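S.K.: For the record, in the sequence shown the residue sitting at position 327 is 743 according to the numbering used here, with numbers rising by one throughout. Right, I'll just put the structure down here and ask away after.
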Amino acid sequence: MASVVAALSLEQETHLLKLLPEPAQLHLLYKGSHHGFNMHTLRSKFDKEGRFVVIVYFNSGDVKGGYLSKSSNESEDQDAFAFEINHQEVTHFPVLDDSKATHFSTSMSNGCLTFGDCLKLYTENISICVESWDIMYHQGCWREPEYLDVELELPWTEEKNLVSFKPACRSLNRVRVLLMGPPGSGKSSFINSVRSVMFGRVLLLPFIGTATKGFIKKRGGKPTALTLCDVLALGDGERTGLTLTDALAVIKGYAPEGSETSGYRPVPSINDQIHCAVFVLNACQIMSTSDDLTETLRTLQAEIADLDIPQVVLLTHVDQVCHAIQEDVKFVYSSRILQEKMQKAAEVVGLPVSYVLPVKNYSSELSVSCNTDILLLSAVHHILQAVDDTYEENHPLTTADELEALGLLWSA
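As structure tokens, then:
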């Protein structure tokens, strides 16, 4: 039997995940066309679940729905919200009275689920319908209702995935990731923070520092297929810091690790090259980025794009730009202040905002925390996924590799 899959597009899912109070994954548990258009059937799917999202797809392409962080048996939920996703924007409607966040009524023949006074879901004429008293919504029949379980990303699961990760491209022994950014952006701190996650405690390791002088560093931790490479900071223009020529020499594999960039490797292999370029920017400084640095970043981005190497942006110090995030980093995807910073970071580098990954490094903490670990490992996961996606497309398997992958090639 064919598997039941959600109709949510990748872009819509990305928008929805950013509204959730914590990093999470979505799993489809109910689909109207498969399980039947019945409110009691829908409710039975999430009575025992802690977090869930109900999604409505309209023929116009709009997506609407609601999120609850508790079972529908509990009416009080301060994290509940309704939402609308259309082609142009995402609209978020947080709960105003958490004591009336949700209610399931049996007054109608097939039941009625309400999200406060914002959304009302009920069955009529073998269809599930929605009513709303907010001007952003309208009454109409759903094209396809779905219910998705929200599963929090546990740090030990993400850590296990990192340790067990192997590049999809068989030509790669390890994934080499280069961190580039201006002084104080948090490149070295990110590397040490990832290592702290892997060790389960905050590591007190020497930093390269905030100066524009430095050299290539390769940092490890638990055995993984990931190598994070640190270089001296980018300066304003070619006169200070890492130059465009030196950066490209590192990316193409001509500059060996652990040496000044004047070192030279005449014939670098694919395993000597950088497989993902990461621009590290400080959220506290992003709004005042100089024109010279912006030009340097955009020139680098364009040159790297010509090499078919994936690129992402790490936005650090996110806890220092928003009080809510400072209290708990779980609010990183719902902070409007941070969204503005992410938009600016994307503009500065010249990449889409979906390529910007917010992180909080360990700096003053004495112990690791679950939500910070999740944010750090989520960023690493996106980086590794970008490498796999790029190299699977640009470096297809050889015939021998394909046969071996299919179990059709044996050694004598």
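Each residue gets a CB set at the ideal place from its N, CA and C atoms; glycine is no exception. All figures in this text were calculated on a predicted structure; none of them were measured in a lab.
Near N698, which residues of its chain fall below 7 Å by C-beta distance, leaving aside the five closest residues on each side in sequence?
M.R.: Excluding positions up to five away in sequence, the list reads G600, S601, G602, T732, H733.
S.K.: Regarding T640 and the ligand SAH, is the C-beta to nearest heavy atom distance less than 6 Å?
M.R.: This structure simply doesn't include the ligand SAH, nor any ligand for that matter.
S.K.: Shortest alpha-carbon distance to T806 belongs to which of S476, V728, S780?
M.R.: Closest option to T806, Cα to Cα, is V728.
S.K.: Can you tell me the Cβ-Cβ gap for A802 and C645, rounded? I've got them flagged as a contact below 8 Å.
M.R.: That pair is no contact at about 16 Å.
S.K.: Measuring CB atoms only, is the region 742–752 touching the region 782–798, in the sense that at least three cross pairs come out at less than 8 Å?
M.R.: Yes, the region 742–752 touches the region 782–798.
S.K.: Run through DSSP, which three-state label would F468 get?
M.R.: Strand at F468.
S.K.: Can you list, in chain order, the residues of its chain whose CB lies under 6 Å from that of F531, leaving out five sequence neighbours each side?
M.R.: Only G482, A498, T518 meet the Cβ criterion.
S.K.: Give me the residue from S476, K516, R617 with the minimum Cα distance to N777.
M.R.: Ranking the options by Cα distance to N777, first place goes to R617.
S.K.: Measure from the alpha carbon of A649 to the alpha carbon of each residue in A663, S770, L642, then state which is nearest.
M.R.: For A649, the nearest C-alpha among the options comes from A663.
S.K.: What are the residues that DSSP puts in a beta bridge with R714?
M.R.: None; R714 has no bridge partner.
S.K.: Kindly indicate which three-state DSSP category R586 falls into: helix, strand or coil?
M.R.: The answer is coil: DSSP assigns R586 none of H, G, I, E or B.
S.K.: Kindly give me the distance between the Cβ atoms of E429 and L442, rounded to whole angstroms, as I take these residues to be in contact under 8 Å.
M.R.: Right, the Cβ-Cβ distance comes to about 7 Å (below 8 Å), so this counts as a contact.
S.K.: Return helix, strand or coil for N787, following the three-state DSSP convention.
M.R.: Helix.
S.K.: I need the DSSP call for I501, collapsed to helix, strand or coil.
M.R.: If DSSP states are grouped into helix, strand and coil, I501 belongs with the strands.
S.K.: Where L512 and K480 are concerned, what is the direct C-alpha to C-alpha distance, given to the nearest angstrom?
M.R.: Approximately 18 Å, taken between the alpha carbons.
S.K.: What distance in whole Å lies between the Cβ atoms of I720 and I667, which are believed to be in contact at a cut-off of 8 Å?
M.R.: That pair is a contact at about 7 Å.
S.K.: Report the partner residues of D804 according to the DSSP bridge assignment.
M.R.: Its beta-bridge partners do not exist; DSSP assigns none.
S.K.: Does the beta-carbon of K671 have 16 or more other beta-carbons within 10 angstroms, so that it is buried, or is it exposed?
M.R.: A small correction: the amino acid at residue 671 is Ala; Lys does not occupy that position in the sequence shown. Burial call: buried.
S.K.: With DSSP as the reference, please indicate the residues paired to N698 in a beta bridge.
M.R.: The partner list for N698 (beta bridge, DSSP) reads T732.
S.K.: Measure the CB-CB distance between F509 and C528 and report whether it falls below 7 Å.
M.R.: No; because the gap between Cβ atoms is not below 7 Å, this pair is not in contact.
S.K.: On the three-state DSSP scale, how would you describe H519?
M.R.: H519: strand per DSSP, three-state reduction.
S.K.: What are the boundary residues of the beta strand (DSSP E) that includes H508?
M.R.: Start and end: 506–510.
S.K.: Going by C-alpha distance, which of D495, Y680, H503, E427 is nearest N475?
M.R.: Cα-wise, what sits closest to N475 is H503.
S.K.: Let me check understanding here. Comparing Cα to Cα, which of R714, T661, S521, Y749 lies closest to F695?
M.R.: Cα-wise, what sits closest to F695 is R714.
S.K.: Within the continuous beta strand (DSSP E) that includes K480, where are the two ends?
M.R.: It spans 479–484 - the beta strand (DSSP E) in which K480 sits, taken as one unbroken run.
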